[in-house]
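Chemist: Numbering-wise, my numbering puts 242 at position 221 of the sequence shown, and it's gapless, one number per residue.
We treat Cβ as the ideally placed atom computed from N, Cα and C, and that holds for glycine.
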Amino acid sequence: MPYEIESKFVISVASSALFDLSESDQVFQEKGEDAYRKYQREHENEVFAMGVAFPLIKRLLSINTPQEQLVEVVLLSRNDPDTGLRVFKSIEYYGLSISRAVFVAGSNPFEYMGAFNASLFLSGNPKDVKEAVERGYPAGCIYPSKYVDDEEDTELRLAFDFDGIIADDSAESIFQGGALENFHSHERDMAGEPLPAGPLLRFFTEIANLQKKVIAKNQSDPTYKPRIRIAIATARNAPAHERVITTLRKLDIRVDEAFFLGGIEKKRVLSIFKPHIFFDDQVSHIEGVARIFPSVHVPFGVTNK
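1. Drop a sphere of 10 angstroms on the beta-carbon of residue 105, count the other beta-carbons inside from all chains shown, and report buried for 16 or more, exposed for fewer.
2. Hey, out of 80, 250 and 275, whose CA is closest to residue 179's CA?
3. What's the C-alpha gap between residue 75 and residue 233?
4. Is the beta carbon of residue 95 less than 7 Å from the beta carbon of residue 36?
5. Consult DSSP for residue 33 and reduce its assignment to one of helix, strand or coil.
6. From the DSSP output, which residues share a beta bridge with residue 121?
7. Which runs of the beta strand (DSSP E) fall wholly inside the segment 163-211 and span at least 3 residues, in chain order?
8. Whose C-beta lies closer than 8 Å to the C-beta of residue 57 among residues of the same chain, with five residues either side of it excluded?
9. Which same chain residues, not among the five before or five after residue 283, have their C-beta less than 6 Å away from its C-beta?
10. May I ask you to verify whether the segment 287-296 touches the segment 307-317, counting CB pairs closer than 8 Å and requiring at least 3?
11. What residue range is occupied by the uninterrupted alpha helix (DSSP H) comprising residue 262?
12. Using CA coordinates, which residue listed in 152, 134 and 196 is at the minimum distance from residue 30?
13. Touching or not, the segment 216-233 and the segment 59-70, by the rule of three or more beta carbon pairs under 8 Å?
14. If I follow the unbroken beta strand (DSSP E) through residue 250, where does it start and stop?
Structure representation (structure tokens):
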């Protein structure tokens, strides 16, 4: 009987996002593929350290129960199966229920997202992510972080920028091209008009739907612990805030927290929200946050040209 992947919440992750591959990557860059292959075989029983996306993936998979498997995580790897064996051994060591994978031996792994119904591809390879986004795939590049996960914290918290992430960059283009007053005037006039879809809209919508299922499960079974909280952290402030709310209403999504910051550093509020992942299209917004919390750059739109 076929596995009904279309009914699952699916994200795809590269081994470079899930684990810290810095040491083995250095071997590949300095000594080439043959030395890399030998190195991985010699060290295949040594477990990789946790990577930036590990806290997110661990918490997403914890939503599953023996009775109901809502979440699927698929490994998409530039390795071949031989050099990728160490990744699977590390997955097994950490007890992650990841059993499906694609190994493409140097090709573009994100091309297989559709085959697995994946709403997001996370990678530590900036070139892969840039090409994926340019070709219309929802993808993000994890940023280096010194974040240390709190193993006793079972909640999953996700924070999203708005323009260039949930919505497209049409309003952002106006902001980048002129005075703040022009942007506010435009957004006031368009306040009742939802913004077009951004690169991670499907992922944002699906995580919100997953949140609804988790809430319903908590209500029917008090022993079921996982919780999801969603926040928006945007540089918009009044009067540009109303269009955000209009867009969320059209999507029928209620976020738990929203920060309309008007140029205040996002780190100031996110250090209180404590996200397990933060998505933004601007490197300047990510750099401060990434030092303390897992962060993802989505190289989309006018700010990345």
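Modeler: Let's see:
1. Translated into the one-based positions of the sequence shown, residue 105 becomes position 84. Label assigned to residue 105: buried.
2. Taking the sequence shown and counting its residues from 1, one reaches residue 179 at position 158. Per the Cα distances, 250.
3. Along the sequence shown, one-based indexing puts residue 75 at 54. Along the sequence shown, one-based indexing puts residue 233 at 212. Cα-Cα distance, rounded: 23 Å.
4. Within the sequence shown, numbered from 1, the residue matching residue 95 stands at position 74. Within the sequence shown, numbered from 1, the residue matching residue 36 stands at position 15. Not in contact: residue 95 and residue 36 (Cβ atoms no closer than 7 Å).
5. As a first step, residue 33 must be located in the sequence shown, where it is residue number 12. It is a strand residue.
6. The sequence position of residue 121 within the sequence shown is 100, counting from 1. In DSSP, residue 121 forms a bridge with 95.
7. Assignment of beta strand (DSSP E) within the segment 163-211, counting only whole runs of 3 or more residues, yields 177-181 in chain order.
8. Residue numbering aside, residue 57 sits at position 36 when the sequence shown is read from its first letter. For residue 57, where only same-chain residues beyond five positions count, the Cβ hits under 8 Å are 45, 48, 49 and 104.
9. Position 262 of the sequence shown, counted from the first residue, corresponds to residue 283. Only 258 meet the Cβ criterion.
10. yes
11. Against the sequence shown, residue 262 aligns to sequence position 241. Looking at the DSSP string, the run of the alpha helix (DSSP H) that includes residue 262 is 262-272.
12. Numbered from 1 along the sequence shown, position 9 holds the residue referred to as residue 30. Nearest option by C-alpha distance: 134.
13. Cβ pair count under 8 Å is below three, so no.
14. Numbered from 1 along the sequence shown, position 229 holds the residue referred to as residue 250. Where residue 250 is concerned, the enclosing beta strand (DSSP E) stretches over 249-255.
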